[in-house]
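Student:
In the numbering used here, the protein residues as written are 4 to 323.
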């Protein structure tokens, strides 16, 4: 169900309307029990005066269903990134629309100011949305022409305070290396932060994401690439040191474009991203680059279709 911002605002006049909208976007005409997966028969549990009482006694307009098979109650939020959140669903849907339509991303501080949330709540909310942006666990292997390139993310050491500058020898950097795979056939990008760009660190990434027997690898003239390219059907390079960026059909410009957008957004929108959470931001920019030819509403539909089964806890529960 594609929906623009005006239609979204019309549906979000009430919290019950937000639930109905999300139900239609996720389930269509038939609810799906998140506990047993049944689609056979469900009962809508009506509340008096259109409101329900939570455990704390406050009123809520959430819509509750009951499964005829497992006899358990559920809402459209169970098992999703919204699960357990006290933020109104109306705000969730508006922030999702903002995240899908902002070409350079939207920071937690902006969400905090715009929707009257605390900084901690807005920060965790955005990480939940990034969790939904991660590619599907069973995503297929890349084939055809695949670009492999790397960049380094982080501020220039000379701009840091004296006691925070790297103690590494001259010529080395403490920036974080990021590797990207870009499919020339589908436009999909898959990026990941790595400890370094040596062959032993890159090889498992290529094996996990590329069908090497059906792929033509495009790289620059980095010394680590020839040994990585051995299992591939073909390997072609361009020599950036010689000022060569395109050789017939061979280029790494698509990866360079992705890195350019990534760095501008990290610097201009987020200002600072820790190494610990960098992969979550990379998942967001992978999603945005891969879906760049979709409209904002199509991107929202795609994201809402991924919210199930991706519940993210602020702190992982202690082992029993």
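The beta carbon of each residue, even a glycine, is placed where N, CA and C say it ideally should be. Please read all numbers here as calculations on a predicted model, not as lab measurements.
#1: Which one of 307, 312, 317 has the shortest CA to CA distance from residue 26?
#2: Assign residue 261 to one of two classes, buried (16 or more other C-beta atoms within 10 Å of its C-beta) or exposed (fewer than that).
#3: Nearest to residue 274 by alpha carbon, out of 226, 212, 120, 158?
#4: Within its chain, find whatever has a CB closer than 6 angstroms to the CB of residue 147; leave out the 5 residues flanking it on each side and keep chain order.
#5: Compute the Euclidean distance between the alpha carbons of residue 220 and residue 124, then round it to the nearest angstrom.
#6: What residues in its chain sit with their C-beta under 7 angstroms from that of residue 172, if we drop five residues either side in the sequence?
#7: Please name the residue or residues paired with residue 213 in a DSSP beta bridge.
#8: For residue 225, which residues in the same chain have their Cβ closer than 6 angstroms to its Cβ, ignoring the five residues on either side in sequence?
#9: Would a C-beta distance cut-off of 9 angstroms place residue 215 and residue 235 closer than the cut-off?
#10: Return helix, strand or coil for residue 317, following the three-state DSSP convention.
#11: Spatial neighbours of residue 131 within its chain, please: CB distance less than 6 angstroms, with the 5 preceding and 5 following residues excluded, ordered by chain position.
#12: Does the segment 66-74 come close enough to the segment 24-43 to have 3 or more Cβ pairs within less than 8 angstroms?
#13: Our contact map puts residue 156 next to residue 269 with C-beta atoms below 8 angstroms; I'd like the distance itself, whole angstroms only.
#14: With C-beta atoms as the reference, is residue 303 less than 9 angstroms away from residue 127?
#15: Rank 94, 95, 33 by C-alpha distance to the C-alpha of residue 68 and give the top, closest one.
#16: From 191, 200, 185, pick the residue whose C-alpha is nearest to that of residue 179; which is it?
#17: Helix, strand or coil: which one does DSSP assign to residue 241?
#18: Going along the chain, which unbroken runs of the beta strand (DSSP E) with 3 or more residues stay wholly within the segment 66-129?
#19: How is residue 172 classed by DSSP in three states: helix, strand or coil?
#20: Can you tell me which of 142, 10, 265, 154 puts its alpha carbon nearest to the alpha carbon of residue 283?
#21: For my contact list, residue 133 and residue 18 are in at a C-beta cut-off of 8 angstroms; report their separation, rounded to the angstrom.
#22: Can you list, in chain order, the residues of its chain with a C-beta nearer than 8 angstroms to that of residue 15? Leave out the 5 residues immediately preceding and following it.
#23: Got a sec, what are the start and stop residues for the beta strand (DSSP E) residue 182 sits in?
#24: Note down the Cα distance separating residue 50 from residue 218, rounded to an integer number of angstroms.
#25: In terms of residue numbering, what span does the beta strand (DSSP E) encompassing residue 47 cover?
#26: In the DSSP assignment, what are the bridge partners of residue 354?
#27: How is residue 297 classed by DSSP in three states: helix, strand or coil?
Tutor: Let's see:
#1: With distances taken between Cα atoms, residue 26 lies closest to 307.
#2: With 16 or more other Cβ atoms inside 10 Å of its own Cβ, residue 261 counts as buried.
#3: Measuring C-alpha to C-alpha distances from residue 274 to each of 226, 212, 120, 158 identifies 158 as the nearest.
#4: Contacts found: 188.
#5: Their Cα atoms are separated by approximately 42 angstroms.
#6: Note that residue 172 scores a pLDDT of 46, beneath 50, so its modelled location is shaky and nothing firm can be said.
#7: Per the DSSP secondary-structure output, residue 213 pairs in a beta bridge with 145.
#8: For residue 225, where only same-chain residues beyond five positions count, there are no Cβ hits under 6 angstroms.
#9: Yes. Within cutoff.
#10: For residue 317, the secondary structure class from DSSP, reduced to helix, strand or coil, is coil.
#11: Residues 84, 315 of the same chain have their beta carbon placed closer than 6 angstroms to that of residue 131, with the five preceding and five following residues left out of the count.
#12: Contact between the segment 66-74 and the segment 24-43 is present, because at least three Cβ pairs lie under 8 angstroms.
#13: The distance from the Cβ of residue 156 to that of residue 269 is about 7 angstroms, consistent with a contact at the 8 angstroms cut-off.
#14: It is not a contact, given that the beta carbons lie outside the stated cut-off.
#15: Out of 94, 95, 33, 33 has the C-alpha closest to the C-alpha of residue 68.
#16: Ranking 191, 200, 185 by Cα distance to residue 179 puts 200 first.
#17: In the structure shown, residue 241 sits in coil (DSSP, three-state: anything other than H, G, I, E or B).
#18: Complete beta strand (DSSP E) runs here, min 3: 67-70.
#19: Only weak support exists for where residue 172 lies, its pLDDT of 46 falling under 50; the coordinates are left without a value.
#20: Looking only at 142, 10, 265, 154, the smallest Cα-Cα distance to residue 283 is reached by 265.
#21: The distance from the Cβ of residue 133 to that of residue 18 is about 24 angstroms, inconsistent with a contact at the 8 angstroms cut-off.
#22: Sequence-distant Cβ neighbours of residue 15 in its own chain, meaning closer than 8 angstroms and more than five residues away, are 21, 24, 93, 96, 97.
#23: Run containing residue 182: 179-186, per the beta strand (DSSP E) assignment.
#24: If you take the alpha carbons of residue 50 and residue 218, they lie about 57 angstroms apart.
#25: 45-48 is the extent of the beta strand (DSSP E) around residue 47.
#26: With the chain covering only 4 through 323, there is no way to say anything about residue 354.
#27: Residue 297: coil per DSSP, three-state reduction.
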